[in-house]
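Protein chains in written order, with our numbering: chain A, 2 to 80; chain B, 2 to 80. One structure below.
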């Protein structure tokens, strides 16, 4: 079973990486870019378990390791 | 208009970050994790343009800046 986790900085937390990308895009002539946020995506290949258990387990992984929940939010997709 | 870009290392390209996460998850007692790939997700806020133009423009951003197409593949979602 596959799971995909998105980890993004929470709204209001400064994202220097995203800002750097925005500036670089502007310098390349892409004028219409009003904001950029950069985060991580983590794709997990899990041993055979049902979707519900997988979702709970991946949520626990996020809390313990994958995300810094003080400043980051995460989103889990299963399947 | 919002756009989301996923940038992942191509299959076959070694992903040391993903491997590090896999080991760390194992050390935390998550046994069922068979593989981990880590990539980037970039969320763009674009000035008002239609979806087709946005998709083409974001594709160009990926080719020029957001992805290293030698070793990375990208996927663009609009909306």
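Quick reminder that beta carbons are idealized off the backbone N, C-alpha and C, glycines included.
> Any contact of the stretch 47–60 of chain A with the stretch 57–74 of chain B, i.e. 3+ C-beta pairs under 8 Å?
Replying inline: no
> Quick one, which of 11/B, 80/B, 79/B has its alpha-carbon nearest residue 44/A's?
Replying inline: Position 43 of the first chain, counting from 1, holds the residue named residue 44/A. With distances taken between Cα atoms, residue 44/A lies closest to 11/B.
> Taking C-beta to C-beta, are residue 78/B and residue 5/B nearer than 8 Å?
Replying inline: Looking up residue 78/B in the second chain gives position 77. Looking up residue 5/B in the second chain gives position 4. It is a contact, given that the beta carbons lie within the stated cut-off.
>> Could you tell me the alpha carbon to alpha carbon distance between residue 38/A and residue 49/B, rounded to whole angstroms?
In response: For the purposes of this step, residue 38/A is identified with residue 37 of the first chain, where counting begins at 1. For the purposes of this step, residue 49/B is identified with residue 48 of the second chain, where counting begins at 1. For residue 38/A and residue 49/B, the distance between alpha carbons rounds to 18 Å.
> Which chain B residues sit within Cβ distance under 9 Å of residue 52/A?
Replying inline: Within the first chain, residue 52/A is the residue found at index 51, counting from 1. Result: empty, since nearest Cβ-Cβ is about 13 Å, beyond 9 Å.
>> I believe residue 21/A touches residue 66/B by the beta-carbon criterion, under 8 Å. Please report the beta-carbon distance rounded to the nearest angstrom.
In response: Position 20 of the first chain holds residue 21/A. Position 65 of the second chain holds residue 66/B. The Cβ separation is near 10 Å, so there is no contact.
>> For a quick check, are the C-beta atoms of residue 60/B and residue 3/B less than 8 Å apart?
In response: As a first step, residue 60/B must be located in the second chain, where it is residue number 59. As a first step, residue 3/B must be located in the second chain, where it is residue number 2. Going by C-beta atoms, residue 60/B is not nearer than 8 Å to residue 3/B.
> Would a check of beta-carbon distances place residue 24/B closer than 8 Å to chain A?
Replying inline: Numbered from its first residue, the second chain carries residue 24/B at position 23. Chain A, which has no Cβ nearer than 8 Å to the Cβ of residue 24/B, makes this no.
>> Could you tell me the alpha carbon to alpha carbon distance between residue 31/A and residue 7/A, rounded to whole angstroms?
In response: As a first step, residue 31/A must be located in the first chain, where it is residue number 30. As a first step, residue 7/A must be located in the first chain, where it is residue number 6. Answer to the nearest angstrom: the Cα atoms are 26 Å apart.
> When the cut-off is 8 Å and only beta carbons count, does residue 47/A lie next to chain B?
Replying inline: Start at 1 with the first residue of the first chain, and residue 47/A comes out as number 46. Closer than 8 Å: yes.
>> Contact defined as beta carbons within less than 8 Å: I believe residue 46/B pairs with residue 36/A. What is the distance between those atoms, to the nearest angstrom?
In response: Your numbering for residue 46/B matches position 45 in the second chain. Your numbering for residue 36/A matches position 35 in the first chain. Their Cβ separation, rounded to whole angstroms, is 4 Å, which keeps residue 46/B and residue 36/A in contact under 8 Å.
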